[in-house]
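Here the protein sequences line up with chains A and B, keeping their order. Just so we're aligned, residue 20 is where the first sequence starts under the numbering used here, counting upward by one. Just so we're aligned, residue 0 is where the second sequence starts under the numbering used here, counting upward by one. To keep things clear, I will list the structure first and then write my remarks on it.
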Amino acid sequence: MSARAGVSLAPPQATRVREVPAASWRAACEEQARAGHRFCALYAARGADGIELRSVFAHPRGEEVLVAPVPTGAVDTLIDLFPAAAQDEREAHDSHGVRFDGHSPLRPLIAHPADPQEWTVELEGDAAHQVAVGPIHAGVIESGHFRFAVVGERILHLDLQLFYKHRGLEAAAEGRTLAEGMRYAQRACGACAVSNSVAYAQACESAIGLAPDEQMRRGRTLLLELERLYNHLNDLSAICAGVGFAPGAMALAALKERAQRLNLAIAGHRFLFGSIALGASALRVERQTGKAARAELQALQDEQRAICHELRFAGSLQARLGGVGAVSAQDAALLGAVGPAARASGSRQDVRRESPRLSYADFVPAAVSHPTGDVAARMWIREAELEQTFAILQELLETDLSTGEADASGAQAADTGIARVESPRGETTCAVHTDGESVRRLHLRTGSYANWPVLAHACRENLLPDFPLINKSFELCYACVDR
Amino acid sequence: MYVLLKHLRRLRREIALPSTGRGGSLALRHVDAGSCNGCEHELTAAANPFYDMQRFGLGVVASPRHADVLLVTGQVTTRMLGPLLSAYGAMPQPRLVAALGDCALGCGVLGERAALAQPLEQVLPVDLRIPGCPPSPQKIADALLGLMAGGGERSSATDAPYS
């Protein structure tokens with residue numbers, strides 16, 4: 020399929036939900052893979068007759084959901100079919116007690132057992148030892164715990180223990196009205212607040228049978244790209260900081276600051292909090308604001324290009340990027356990498372191609388000339404994506420933006436809504452179960468959630484002192500994983 | 000590199016931060032007790048060329064052993080309560096605690112009761128409150144400068160149990 024053929028202008032469709040018995044859960048999921056559908060999420064929920072398991076698969080026209088009641092509390096594992104489902108199964112076990120036959124050892128994910136052996140690999144040999152880091156890190160960094168298995172300075176393996184910041188947001192959202200649920204999705208993560216809010220809003224709107232009008236699609240697209248702009252500038256700055264290249268880090272941090280001031284000017288908040296609502300869009304950009312914003316965006320783009328040009332010729336930076344933290348295209352696909360991290364390895368997957376509820380006509384995913392999957396590729400893919408983001412923002416701001424609202428989509432109301440949004444860190448999937456009024460289950464699987472295992476894989480065979488740099492090249496959030 | 004340094008020099012001239020004017024410094028140790036990452040972004044931003052808090056003697060240090068101020072973000076989760084108290088216990092005295100952002104101040108907290116510990120004010124004596132969701136880098140820098148000048152007010156929680 021050509022890149023352009025993926026652009027769907029068809030009206031948004033309701034999610035297809037199909038129930039399968041627990042005994043044929045694995046076979047039904049395998050069938051999805053054979054049909055070329057991509058694994059997006061797996062989660063457990065409390066159904067009318069007890070615990071049920073759900074998996075979400077995507078294709079260019081939408082999503083399919085498989086539901087299996089698990090009366091015995093156990094099903095066959097999917098991890099050999101979809102290694103990307105490993106964390107999801109561990110989470111379903113910790114949150115709803117589902118057991119997965121064949122997933123052994125089934126390590127805890129949300130739960131924090133006292134004995135580290137329950138979640139780390141066993142080490143053998145005289146030279147191998149473990150290095151523990153966190154949960155409090157040395158810089159201004161979110162909390163999380165890592166156990167590196169190393170020989171000398173070489174990393175053999177990395178075990179992650181996240182969920183130190185687990186606030187129980189999904190469980191706390193249950194029983195709230197759909198409108199109240201928005202706060203829980205937004206608060207999951209400051210840096211992905213728009214992505215998570217749009218994913219939540221779209222999942223709700225899909226379930227209750229609403230489709231956004233053109234102004235609303237444009238407004239949300241504008242906000243999503245403003246979020247990507249400051250995040251990508253931040254991430255480029257972070258990679259420079261990761262090698263101690265302060266001039267690059269500070270020059271880009273200054274651009275990020277200006278991008279956030281632009282957010283404040285356009286939407287009234289530096290992180291765009293509170294800018295997404297259910298079934299409506301309050302964002303207005305009038306001629307004067309739009310004109311000023313376009314001029315500032317042009318200035319930002321000119322400076323960003325000049326800085327990136329300089330970075331290409333900064334020997335002390337360049338010497339650190341190539342071949343470090345490399346992820347092959349095959350591994351990226353197997354592990355379910357998403358977003359810039361996947362595209363740095365050669366993937367052309369980008370949810371913006373398949374977003375009829377947003378304003379991304381003719382979108383073609385960015386690519387780097389050498390998709391080497393290393394820190395260098397993850398740096399340059401962001402540069403390439405910034406070009407797109409600037410172009411989209413300029414186009415959206417060319418005409419006035421007025422308030423928008425959602426109309427009846429013509430689709431019947433359903434009890435499940437699924438939405439996928441391309442956050443700055445990749446595909447974010449949101450599932451909302453509802454009776455039409457309140458949230459019965461909210462599940463948020465963010466780009467960071469998908470990419471943490473990829474990061475753990477990327478640092479294998481690398482030097483421990485390169486970990487901060489590899490980490491910065493992914494720049495994943497902890498907050499929207501922990502929830 | 001030369002171009003970048005020239006760019007930053009020009010930026011510094013344009014921003015024209017006030018002269019530091021006073022001596023002294025505060026070493027800050029940040030602990031994320033369960034934030035959304037918004038406060039972390041803004042605390043980091045307070046070091047960018049627009050605010051440049053280092054030039055006022057405000058720097059983030061790697062260890063609580065080197066810190067004067069514990070800067071806490073987020074509502075305290077049950078999992079972060081222990082590490083938070085350990086970090087506080089590792090600080091030399093005299094030491095100060097700053098609550099950075101609305102969550103750390105216990106405002107508008109979201110989450111499940113079982114996942115959240117007591118509010119920060121009930122587990123550590125808070126000397127400085129920086130409200131906002133998240134507070135802007137300017138507010139963060141101003142509040143910390145105020146603390147350096149002798150501002151701040153101790154909350155009622157006692158210092159004793161975690162010393």
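Even for Gly, the Cβ is constructed at its ideal location relative to N, Cα and C.
| Check | Outcome |
| --- | --- |
| In DSSP terms, what residue 435 of chain A is bridged to | A/452 |
| Beta-bridge pairing of residue 404 of chain A - partner residues as DSSP gives them | Residue 404 of chain A is not bridged to any residue. |
| Closer than 8 angstroms to chain A by CB, residue 35 of chain B | yes |
| Chain A residues whose Cβ lies nearer than 8 angstroms to that of residue 30 of chain B | 155, 162 |
| Chain-order list of residues whose beta-carbon lies under 7 angstroms from that of residue 66 of chain B (same chain, five-residue window excluded) | 26, 27, 28, 60, 90 |
| Classification of residue 389 of chain A by the beta-carbon crowding that lies within 10 angstroms, buried from 16 upward | exposed |
| Residues that residue 114 of chain B contacts on chain A, provided the C-beta gap is smaller than 7 angstroms | 185, 186, 187 |
| CB of residue 499 of chain A within 8 angstroms of CB of residue 448 of chain A, strictly | no |
| Span separating the alpha-carbon of residue 337 of chain A from that of residue 33 of chain B | 35 angstroms |
| Closest residue to residue 359 of chain A among A/109, A/64, A/260, A/469 (Cα-Cα distance) | A/469 |
| Residue interval of the beta strand (DSSP E) (run including residue 339 of chain A) | No beta strand (DSSP E) holds residue 339 of chain A; the alpha helix (DSSP H) holding it covers 334-340. |
| Member of B/77, B/50, B/78, B/72 whose CA lies at the smallest distance from the CA of residue 136 of chain B | B/50 |
| Any 3 or more C-beta pairs closer than 8 angstroms across the region 244-264 of chain A and the region 401-421 of chain A | yes |
| For residue 144 of chain A, three-class secondary structure by DSSP | coil |
| Contacts of residue 159 of chain A in chain B (Cβ-Cβ under 7 angstroms) | 29, 39, 42, 43, 59 |
| CB contact below 8 angstroms: residue 161 of chain B versus chain A | With a pLDDT of only 38 at residue 161 of chain B, under 50, the local geometry of the prediction cannot be trusted, and no value is derived from it. |
| Sequence-distant residues of its chain with Cβ nearer than 6 angstroms to residue 83 of chain B (five each side left out) | 30, 32 |
| Anticipated Cβ contact below 8 angstroms, residue 262 of chain A with residue 488 of chain A, distance rounded | 6 angstroms |
| Pair within 8 angstroms by beta-carbon distance, residue 18 of chain A and residue 228 of chain A | Beyond the ends of chain A as shown, which are 20 and 502, falls residue 18 of chain A; an answer cannot be given. |
| Contact under 8 angstroms by Cβ, residue 205 of chain A with residue 131 of chain A | no |
| Which residues DSSP lists as bridging residue 149 of chain A, in chain order | A/168 |
| Residue from A/322, A/342, A/201 whose Cα sits closest to the Cα of residue 267 of chain A | A/322 |
| N- and C-terminal bounds of the beta strand (DSSP E) containing residue 48 of chain A | Run containing residue 48 of chain A: none in the beta strand (DSSP E); it sits in the alpha helix (DSSP H), 44-53. |
| From A/409, A/406, A/423, A/361, residue whose alpha carbon lies closest to that of residue 397 of chain A | A/361 |
| Classification of residue 37 of chain A by the beta-carbon crowding that lies within 10 angstroms, buried from 16 upward | exposed |
| Separation of residue 49 of chain A from residue 35 of chain A, as counted between CA atoms | 17 angstroms |
| Beta-carbon proximity check, residue 234 of chain A vs residue 421 of chain A, cutoff 8 angstroms | yes |
| Within 7 angstroms of chain B by C-beta, residues of the region 260-278 of chain A in sequence order | 266, 267, 269, 270, 272, 273, 276 |
| Cβ-Cβ separation, residue 226 of chain A to residue 433 of chain A (assumed contact under 8 angstroms), whole Å | 5 angstroms |
| Among A/332, A/350, A/374, nearest to residue 240 of chain A - alpha-carbon criterion | A/374 |
| Contact the region 56-72 of chain A vs the region 89-100 of chain A: 3+ CB pairs below 8 angstroms | yes |
| Alpha carbon of residue 497 of chain A to alpha carbon of residue 72 of chain B, nearest angstrom | 14 angstroms |
| Under 8 angstroms between C-beta atoms of residue 371 of chain A and residue 386 of chain A | no |
| Top-ranked residue by Cα proximity to residue 178 of chain A, from A/128, A/455, A/269, A/492 | A/128 |
| Assigned exposure category for residue 23 of chain A - 16 Cβ within 10 Å defines buried | Confidence at residue 23 of chain A is low in this model, with a pLDDT of 37, below 50, so the placement of that residue should be treated as unreliable; the coordinate-derived value is given next. Per the 10 Å Cβ criterion, exposed. |
| Simplified DSSP assignment, three categories, for residue 180 of chain A | strand |
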